[in-house]
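To start, the structure itself, in structure tokens.
Residue numbers (our numbering): 101 to 323.
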């Protein structure tokens with residue numbers, strides 16, 4: 101069995117089933133990435149809910165919003181003025197380049213879908229792949245920095261000198277281990293991120309509490 105697949109299967113037995121992806125539409129997922137910079141999930145959800153209630157989450161609604169309302173939403177994170185501008189820019193791109201509807205392009209060929217998503221603020225290749233994963237369209241693992249740290253410490257993915265090459269290496273590992281199963285890749289994304297956030301922390305990892313301790317090269321080296 102592929103090492104990463106063994107890890108994912110253990111996490112599937114140890115952790116609760118992952119929640120359904122949220123938001124459920126491509127533009128909503130773009131807003132999610134920009135709505136509250138460097139905020140945790142709870143504050144980001146509060147920001148998104150406030151946006152939905154007081155402004156709306158459709159591209160045309162974002163374009164019509166008052167600056168003050170967008171800034172108030174973005175204050176759930178840092179750099180509120182900057183990210184209020186990013187929200188409006190996302191609305192402009194969606195309306196002017198995609199007629200306010202991203203579904204046709206994200207359902208098209210994957211290269212074009214990624215290229216379109218990367219036009220938006222805050223969306224690089226990892227973000228584009230995450231959106232396509234969350235929409236259930238393509239089997240990308242799309243690990244964030246927390247999940248990458250877990251994969252490297254476990255020894256299932258190689259460490260590189262910078263984020264880009266490390267992400268690319270993890271993508272290749274995931275494709276070989278998890279294949280074309282979108283649900284499996286999504287569960288792996290959620291579970292690995294959770295372990296990285298809560299247990300496999302950068303400076304103070306909680307190895308004795310981790311369900312992956314017996315499989316982990318890093319844990320073996322520090323205990």
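Backbone N, C-alpha and C fix where the C-beta goes; we use that ideal spot for every residue, glycine too.
Inter-residue Cα distance where the pair is residue i and residue j
i: residue 172; j: residue 277; result: 43 angstroms
i: residue 304; j: residue 111; result: 21 angstroms
i: residue 218; j: residue 248; result: 21 angstroms
i: residue 261; j: residue 267; result: 11 angstroms
i: residue 128; j: residue 134; result: 10 angstroms
i: residue 290; j: residue 225; result: 18 angstroms
i: residue 213; j: residue 306; result: 39 angstroms
i: residue 264; j: residue 244; result: 11 angstroms
i: residue 143; j: residue 137; result: 10 angstroms
i: residue 115; j: residue 167; result: 41 angstroms
i: residue 280; j: residue 215; result: 21 angstroms
i: residue 203; j: residue 209; result: 12 angstroms
Reduced DSSP category for residue i - H, G, I as helix; E, B as strand; rest coil
i: residue 140; result: coil
i: residue 314; result: helix
i: residue 257; result: coil
i: residue 307; result: helix
i: residue 102; result: coil
i: residue 153; result: helix
i: residue 289; result: helix
Own chain partners of residue i with C-beta closer than 6 angstroms, once the 5 adjacent residues on each side are dropped
i: residue 121; result: 234
i: residue 246; result: 293, 296, 297
i: residue 258; result: 269
i: residue 165; result: 155
i: residue 118; result: 287, 290
i: residue 271; result: none
Supposed close pair residue i, residue j - CB separation, criterion 8 angstroms
i: residue 256; j: residue 273; result: 6 angstroms
i: residue 320; j: residue 108; result: Not really, about 20 angstroms apart at Cβ, beyond 8 angstroms.
Chain-order list of residues whose beta-carbon lies under 7 angstroms from that of residue i (same chain, five-residue window excluded)
i: residue 250; result: 292, 295, 296, 300
Contacting residues, own chain, Cβ-Cβ under 8 angstroms from residue i (five flanking each side not counted)
i: residue 196; result: none
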